[in-house]
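Last residue of the sequence shown: 462 in the working numbering, with the numbers rising by one and none dropped.
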Amino acid sequence: MAQNIIRRVDAESPLSRRVRPGEALLSVNGKLIRDVLDYKYYSYDRDLLLELRTPEGKIRLVRVRKREGADLGLEFETYLMDRPRSCANRCVFCFIDQNPPGMRKSIYFKDDDARLSFLMGCYITLTNLTQREIERIIALHVSPVNISVHATDPALRTRLLGNPRAGEAVDIMRRFAAAGITMNCQIVCCPGVNDGDALTRTLEDLKGMYPAVHSVSVVPVGLTCHRAGLPEIVPFAPESARAVIGQVTQFGNKCVEELGTRLAFCSDELYLTAGIPLPPDGFYEEHVQLENGVGMLRLLEAEFETALRRADAPDGAPFSIATGAAAAPMIEKLLFSAKKKYDKLNGKVYTIRNDFFGSSVTVAGLVTGGDLIAQLRGRDLGARLLISADMLRREEADFLDSVPLDEASAALGVPIYPVACDGGALCDAMFGLLPPIPQPAIDAEKTEYNKYN
Ligand code: SF4
Numbered sequence: 010m011a012q013n014i015i016r017r018v019d020a021e022s023p024l025s026r027r028v029r030p031g032e033a034l035l036s037v038n039g040k041l042i043r044d045v046l047d048y049k050y051y052s053y054d055r056d057l058l059l060e061l062r063t064p065e066g067k068i069r070l071v072r073v074r075k076r077e078g079a080d081l082g083l084e085f086e087t088y089l090m091d092r093p094r095s096c097a098n099r100c101v102f103c104f105i106d107q108n109p110p111g112m113r114k115s116i117y118f119k120d121d122d123a124r125l126s127f128l129m130g131c132y133i134t135l136t137n138l139t140q141r142e143i144e145r146i147i148a149l150h151v152s153p154v155n156i157s158v159h160a161t162d163p164a165l166r167t168r169l170l171g172n173p174r175a176g177e178a179v180d181i182m183r184r185f186a187a188a189g190i191t192m193n194c195q196i197v198c199c200p201g202v203n204d205g206d207a208l209t210r211t212l213e214d215l216k217g218m219y220p221a222v223h224s225v226s227v228v229p230v231g232l233t234c235h236r237a238g239l240p241e242i243v244p245f246a247p248e249s250a251r252a253v254i255g256q257v258t259q260f261g262n263k264c265v266e267e268l269g270t271r272l273a274f275c276s277d278e279l280y281l282t283a284g285i286p287l288p289p290d291g292f293y294e295e296h297v298q299l300e301n302g303v304g305m306l307r308l309l310e311a312e313f314e315t316a317l318r319r320a321d322a323p324d325g326a327p328f329s330i331a332t333g334a335a336a337a338p339m340i341e342k343l344l345f346s347a348k349k350k351y352d353k354l355n356g357k358v359y360t361i362r363n364d365f366f367g368s369s370v371t372v373a374g375l376v377t378g379g380d381l382i383a384q385l386r387g388r389d390l391g392a393r394l395l396i397s398a399d400m401l402r403r404e405e406a407d408f409l410d411s412v413p414l415d416e417a418s419a420a421l422g423v424p425i426y427p428v429a430c431d432g433g434a435l436c437d438a439m440f441g442l443l444p445p446i447p448q449p450a451i452d453a454e455k456t457e458y459n460k461y462n
């Protein structure tokens, strides 16, 4: 299937009456369109000349004038207008390798695609880029790019990623930095492997690329109970988590003095493992690394408290909230705070143990429908059950284990409302202002990329 074939033309598009579905977009202003990056970059200008090929094979030209930067309103057969690039690594901590067998095929797809990094915020490792692709990122000024760094010592990075090219990343990053490309970095930290001196070196090397390196998150390695045959990795214990937090905080304090930004942040999960209170919301500056669970709980709390101040009386219907072990204490705290304001608020929180991936996996986004049903069946769930929208595939209405939302709802005998990861939305849902229950999307193509890659 040609990937540049137009599937839909938006009714509001200046091309709505001039381009038809089924035509292929070949070039814009004489520039060949190979994928979505070319399309977005070359269609930025106000005056465009499109070269199209009709389904009958005829080539035709269409001129269009629009607002500079406005989208042309074309949808293509595939989101990337190309095949997604898969990774060339064998990371010792790869979460995808730790999935149980028998899940849907897309779960096992290991994407590592610079275009997805730019368009959807996915993290890439830079190990599968050709020189031409590196030059194109620089030429098109694709920015920001999110990079899984893990370690800057070439030998260590090669070992961690199981790829002989992994050590080239720092050179590529320096080229990006010189070209003014912004980079957000993540370090998946494995105790005894890339913490300690290795982490110090990584943080210092990344600091050397500031301001191009805009933020760094340090997240603990995620280990499921499906690791048979995989390299042995020690999970974080409170002591090792405290050591990493101490190291990153010290580094951050130095950065605040020297650069005016903390630059590096530990994820909430690391604080929870360490048993250290989360820093206040202001610590997280712009909250750039929310996707990595950095500052997420404090932001949720701040948003909730703001929403609570303006909340009207609740609808009075009893409700329940199901979440993972990591977020449960914070959700309990928020519910308690809401009950203090309205004692008629009738809600309770259920902590779902992750039997699917193993109890060491505590984030709400990896709670499955099967666990939800097994652990909540027969419990008092009230008139509605609230869950985090992160438990569902984006734009889909099913859980990671493919259990459809409506099936879980029927099994538990209660409507289930997926609430956005936002304190305001959570407050609204507690008080009876409910989000719509999603229906399965007709076009799920965007969701084929792994959210925890
Ligand atoms: S962690 Fe990411 S880059 Fe590494 S092997 Fe898994 S999918 Fe590939």
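Note that the Cβ used here is the ideal one computed from N, Cα and C, for glycine as well. This one's a predicted model, so the numbers in the text were calculated from it and none came from an experiment.
At a Cβ-Cβ threshold of 8 Å, G261 and R271 count as neighbours. For R99, the CB falls within less than 7 Å of some heavy atom of the ligand SF4. Taking non-hydrogen atoms of the ligand SF4 into account, the C-beta of K263 is found less than 7 Å away from none of them.
In this structure, V257 and A273 form a Cβ contact; the two beta carbons are roughly 5 Å apart against a cut-off of 8 Å. Assigned with DSSP and collapsed to three states, C436 falls in helix. CA-to-CA, the gap between R76 and T87 works out to about 25 Å. A distance of 8 Å or more separates the beta carbons of S226 and N172. Residues of the same chain with a CB within less than 6 Å of the CB of A334, apart from the 5 flanking positions on each side, are T360, T371 in chain order. Restricting attention to A331, T282, G374, the CA atom closest to the CA of I382 is found in A331. Burial state of F292 is exposed, judged by a 10 Å Cβ sphere holding fewer than 16 other Cβ atoms. Close CB contacts of G432 within its chain, under the 8 Å cut and outside five residues either way in sequence, are with L308, L309, E310, A311, E312, F313, E314, T315, A316, L343 (chain order). Q448 counts as exposed, since fewer than 16 other C-beta atoms from the protein chains shown sit within 10 angstroms of its C-beta.
If you keep only unbroken beta strand (DSSP E) runs of at least 3 residues inside the segment 261-304, you get 273-275. Excluding five sequence positions before and after Q12, the CB atoms of its chain that fall closer than 8 Å to its own CB belong to D44, F85, E86, T87, L89, M90, D91, R92, given in chain order. In this structure, L165 places its C-beta atom within 8 Å of the C-beta atom of N203. Between T191 and L170, the CB-CB gap reaches or exceeds 8 Å. The ligand SF4 approaches T134 closely enough that one of its heavy atoms is under 7 Å from the residue's Cβ. Counting only the Cα atoms, K350 lies some 10 Å from P323. For F185, the secondary structure class from DSSP, reduced to helix, strand or coil, is helix. One thing to note: S157 has its Cβ no nearer than 8 Å to the Cβ of D120. V253 sits close to C275, with the two beta carbons spaced by under 8 Å. Under the criterion of beta carbons closer than 8 Å, A398 and C430 qualify as touching, at roughly 7 Å. The C-alpha of G441 lies about 15 Å from the C-alpha of V423. Using a cutoff of 7 Å, the CB of D122 does not count as near the ligand SF4, since none of the ligand's heavy atoms is closer than that. Residue state for R145 is assigned as helix, using DSSP reduced to three classes. Here the distance from the Cβ of I425 to the nearest heavy atom of the ligand SF4 is not below 7 Å. The residue from G231, V28, P23 with its alpha-carbon nearest to that of I14 is V28.
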